[in-house]
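Residues in the sequence shown are numbered consecutively from 0, following numbering that gives the first Met the number 0.
For each residue, glycine too, the CB sits at the ideal point set by N, CA and C.
Here's the structure we're looking at; comments come further down.
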Amino acid sequence: MTVTTDSPHAGTVTGGPALPQERRLVTEIPGPRSQELLARKAAAVPVGIGHTAPISAVAAGGGVVVDADGNSLIDLGSGIAVTTVGNAHPKVVEAVQRQVAAFTHTCFMVSPYESYVEVAEALNRLTPGDHEKKTALFNSGAEAVENAIKIARKHTGRQAVVAFDHGYHGRTNLTMALTAKTMPYKSGFGPFAPEVYRAPLSYPFRDGLSGAEAAKRAITMIEKQIGGDQVAAIIIEPIQGEGGFIVPADGFLPALVEWAQANGVVFIADEVQTGFGRTGAMFASERFGIVPDLITTAKGIAAGLPLAAVTGRAEIMDASHPGGLGGTYGGNPIACAAALAAIDAYESENLVERANEIGAVIRERFAAVQASDPRLGDVRGHGAMMALEFVDPETGEPDAALTAAIAKASIAQGVIVLTCGTFGNVIRFLPPLSIGDDLLNEALDVVTAALAAA
Ligand code: PLZ
Numbered sequence: 000m001t002v003t004t005d006s007p008h009a010g011t012v013t014g015g016p017a018l019p020q021e022r023r024l025v026t027e028i029p030g031p032r033s034q035e036l037l038a039r040k041a042a043a044v045p046v047g048i049g050h051t052a053p054i055s056a057v058a059a060g061g062g063v064v065v066d067a068d069g070n071s072l073i074d075l076g077s078g079i080a081v082t083t084v085g086n087a088h089p090k091v092v093e094a095v096q097r098q099v100a101a102f103t104h105t106c107f108m109v110s111p112y113e114s115y116v117e118v119a120e121a122l123n124r125l126t127p128g129d130h131e132k133k134t135a136l137f138n139s140g141a142e143a144v145e146n147a148i149k150i151a152r153k154h155t156g157r158q159a160v161v162a163f164d165h166g167y168h169g170r171t172n173l174t175m176a177l178t179a180k181t182m183p184y185k186s187g188f189g190p191f192a193p194e195v196y197r198a199p200l201s202y203p204f205r206d207g208l209s210g211a212e213a214a215k216r217a218i219t220m221i222e223k224q225i226g227g228d229q230v231a232a233i234i235i236e237p238i239q240g241e242g243g244f245i246v247p248a249d250g251f252l253p254a255l256v257e258w259a260q261a262n263g264v265v266f267i268a269d270e271v272q273t274g275f276g277r278t279g280a281m282f283a284s285e286r287f288g289i290v291p292d293l294i295t296t297a298k299g300i301a302a303g304l305p306l307a308a309v310t311g312r313a314e315i316m317d318a319s320h321p322g323g324l325g326g327t328y329g330g331n332p333i334a335c336a337a338a339l340a341a342i343d344a345y346e347s348e349n350l351v352e353r354a355n356e357i358g359a360v361i362r363e364r365f366a367a368v369q370a371s372d373p374r375l376g377d378v379r380g381h382g383a384m385m386a387l388e389f390v391d392p393e394t395g396e397p398d399a400a401l402t403a404a405i406a407k408a409s410i411a412q413g414v415i416v417l418t419c420g421t422f423g424n425v426i427r428f429l430p431p432l433s434i435g436d437d438l439l440n441e442a443l444d445v446v447t448a449a450l451a452a453a
C-alpha cells in the first residue's frame, strides 16, 4: 500500500505473515500518532462507534497488529473472528489484487460472474449435511441473518421467530430484535420488529441443567407461549459469541433440531462468529452433531472483505420468488475472490486442526490458573474460540469490573483482547489461526499477569 499524503501513515506499508512476529512496545499505548488519530476520530466519527484498542493500525499479519507509532501488539481478536486465516494472507492479497484489476463490480443481479457461483458451490460442499444445498451471498452477518429469516418465513408461510437468551445476531432492525442484550445494542433504538420471541438457553455454568432439561424448558416455552405451528424459524448460535462464548450442554442443540423437524420449523444456525475453522471444525454445528436447515456465515469467510452468506436446503432456499432476494453489493467480486483464497487456505494449510492446537494451549494454561484463583469461574470454548468467565468468588456473581481491568491492562501491555458476555464478565480469545505458539504463550502470560495484578 502506498499512501501519498503527508499523513504520519505515509509510506509503503506491507503487512502479512512476513511482519516480525513479536510484541514490541516503543511507546505507551496509545502513542502520540495513535493519540492524534483518536482525537480526529473523536471529532469526525460519532461516539456510538466505539473502539477496543486505542491505536492507529497500519499493518497486520501472522499474529500481530502494528500501529502508527511502531508498536507491535499481539492479536487475540482477529478483528472479531474475521482474519482467521491471518491478516493480509498472501493468497488473499494476490487474489484481491488480481480481481480488482479485472473488474470491481457488475452487480451479480445484472451481470453474473463465476467467483460468486464458486463461493456458493464451496459453501454448499463445506457446510454440514449431504443434502442438496443452495447459497445466497450478502454483505454482513446481520444482512445474512435478515435474509435467512425472510427465506424461512416465505418457506413456511409462518411469522414467529424464536431467538435465545444471550443471543447476538446484529444491529439492523430485525437483528436488534433477535439480539438479547439491551446495552449497548438496543437501548433507545426501538421499536423493534414484531413476532420475535426469546427462549431460555442452556448455560451450564449458570443453570446447572443437562442439555435435555434445558431443551425441554425452551421447547415448553415455545409450545405454550407461541405454538409450534406458528413458528417459522428457530435461530441460534451453536456457541454464543457476543453473549459470552456460552457452550450449550450436550444434547441441547440436537433436541432443538429434532423438535424443529417434527414441527415444520426451519432451524437456522447463526455461524457468523463460529464458522470457518474457528471452533476446530469447519462449522461449529459439526461439533454438536447437528445439521441445520439454514446456516448464516460471514466474518471468517473472506478474511476481512465484507461478505456473508445464507446456505441451506435447496427446497427452502428456493422458496423466494425470482427477484425476492439480493442487493447491489451482495457477493461483490473482490470479496468473492478473497473468500475463495481464504477457503483454499483453510483447506490446504490445516488451519482447522491448528484451531484445536490453539484451544488446547489456552485451556491447559487457564485450567492451571483456575485451580488457584477462584475469580476465574469458568474456562470454556472449542478450538480457537475460548473464554474466561470471571466471578466474585464469594457470591458467584459476574465480575465485570475485574474483566474490564484485565482487558485494559493487557492492551496497555501490547495484547489485544476482547471482552463479551451479557454481564460483561468474559474475556474471549479469538486469535488468528496463523499465530505461532511462542507469540500465543507470550500473550497468555500477559493476560495471566494482568489477572494476578488486578
Ligand atoms: N451473528 C453470531 O457474532 C457479529 C459484532 C460486533 P455483522 N458479531 C460482532 C459489534 O459490536 O457490532 C455477528 C455475530 C453473529 C451476526 C453478527 C452480525 O454480523 O457482520 O456485524 O453484521
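At least 3 beta-carbon pairs within less than 8 Å: the stretch 252-271 vs the stretch 292-300: The stretch 292-300 and the stretch 252-271 touch, with three or more beta-carbon pairs separated by less than 8 Å.
Got a sec, what are the start and stop residues for the alpha helix (DSSP H) residue 149 sits in? For residue 149, the enclosing alpha helix (DSSP H) covers residues 140-155.
Sort 408, 238, 288 and 249 by Cα distance to residue 272 and report the nearest one. It is 238.
Other residues of its chain near residue 39: CB distance less than 7 Å, five sequence neighbours each side excluded: Excluding residues up to 5 positions away in sequence, nothing lies with its Cβ nearer than 7 Å to the Cβ of residue 39 in the same chain.
Under 7 Å: does the beta carbon of residue 66 sit that close to some heavy atom of the ligand PLZ? Residue 66: no, Cβ never under 7 Å from the ligand PLZ.
What do you reckon, are the CB atoms on residue 136 and residue 160 nearer than 8 Å? For residue 136 and residue 160, no; Cβs fall outside 8 Å.
Is the beta carbon of residue 165 within less than 7 Å of some heavy atom of the ligand PLZ? It does not: the Cβ of residue 165 is nowhere closer than 7 Å to a heavy atom of the ligand PLZ.
So the beta strand (DSSP E) residue 295 belongs to, where does it begin and stop? For residue 295, the enclosing beta strand (DSSP E) starts and ends at 293-296.
Would you mind working out which of 290, 316, 32 and 49 sits nearest residue 255, comparing C-alpha positions? Looking at the Cα atoms, 290 is the closest of the given residues.
Pair every Cβ in the stretch 146-154 with every Cβ in the stretch 353-362, then say whether three or more of these pairs are closer than 8 Å. No, they do not touch.
By how many angstroms is the C-alpha of residue 14 removed from the C-alpha of residue 21? Taking the straight line joining both Cα atoms gives about 13 Å.
Looking at residue 364 and residue 432, is the spacing between their C-beta atoms short of 8 Å? Contact flag unset, no.
Mind listing, in chain order, the residues whose beta carbon lies closer than 5 Å to a non-hydrogen atom of the ligand PLZ? Those residues are 79, 139, 140, 141, 168, 169, 236, 240, 269, 271, 272 and 297, given in chain order.
Is residue 345 helix, strand or coil by DSSP? If DSSP states are grouped into helix, strand and coil, residue 345 belongs with the helices.
When the distance is taken between beta carbons, is residue 390 closer than 8 Å to residue 414? With contacts defined by Cβ atoms closer than 8 Å, residue 414 and residue 390 do not form a contacting pair.
Is residue 184 helix, strand or coil when you go by DSSP? If DSSP states are grouped into helix, strand and coil, residue 184 belongs with coil.
Give the secondary structure of residue 429 by DSSP, where H, G and I count as helix, E and B as strand, and everything else as coil. In the structure shown, residue 429 sits in coil (DSSP, three-state: anything other than H, G, I, E or B).
Go to residue 312, then tell me how far its alpha helix (DSSP H) extends in each direction, as first and last residue. Looking at the DSSP string, residue 312 is not in any alpha helix (DSSP H); the run it does join, the beta strand (DSSP E), is 307-312.
Given a threshold of 16 other Cβ atoms within 10 Å of its Cβ, counted over all protein chains shown, does residue 443 qualify as buried or as exposed? With 16 or more neighbouring CB atoms inside 10 Å of its own CB, residue 443 falls in the buried class.
For residue 74, count neighbouring Cβ atoms within 10 angstroms of its own Cβ and tell me buried if that reaches 16, exposed if not. Looking at its Cβ environment, which holds 16 or more other Cβ atoms inside 10 Å, residue 74 is buried.
So, using beta-carbon positions, are residue 303 and residue 78 closer together than 8 Å? Yes, the pair counts as a contact, with Cβ atoms nearer than the cut-off.
What is the rounded straight-line gap between the Cα of residue 311 and the Cα of residue 132? For residue 311 and residue 132, the distance between alpha carbons rounds to 5 Å.
Taking only the alpha-carbon atoms, compute the straight-line gap between residue 83 and residue 306 and give it to the nearest angstrom. One Cα belongs to residue 83, the other to residue 306, and the distance between them is close to 14 Å.
Taking Cβ positions, are residue 308 and residue 134 nearer each other than 8 Å? Contact flag set, yes.
Under the DSSP definition of a beta bridge, which residues are partnered with residue 74? Partner residues in the beta bridge of residue 74, as assigned by DSSP, are 415.
Helix or strand or just coil, what does DSSP make of residue 220? Helix, per DSSP.
Please state the DSSP three-state secondary structure of residue 239. The answer is strand: DSSP assigns residue 239 an E or B state.
Which class does residue 194 belong to by DSSP, given the choice of helix, strand or coil? The three-state reading of DSSP puts residue 194 in coil, since its state is none of H, G, I, E or B.
I'd like to confirm the pairing. Which residues does DSSP put opposite residue 360 in its beta bridges? Looking at the DSSP output, residue 360 shares a beta bridge with no other residue.
Mind checking residue 259: buried by the 16 CB within 10 Å criterion, or exposed? Its Cβ being crowded by 16 or more others within 10 Å, residue 259 is buried.
Residue 168: buried (16+ other C-beta within 10 angstroms of its C-beta) or exposed? When all chains shown are included, residue 168 counts as buried.
Taking the straight line between their C-alpha atoms, what separation do you get for residue 449 and residue 234? Whole-angstrom Cα-Cα distance: 37 Å.
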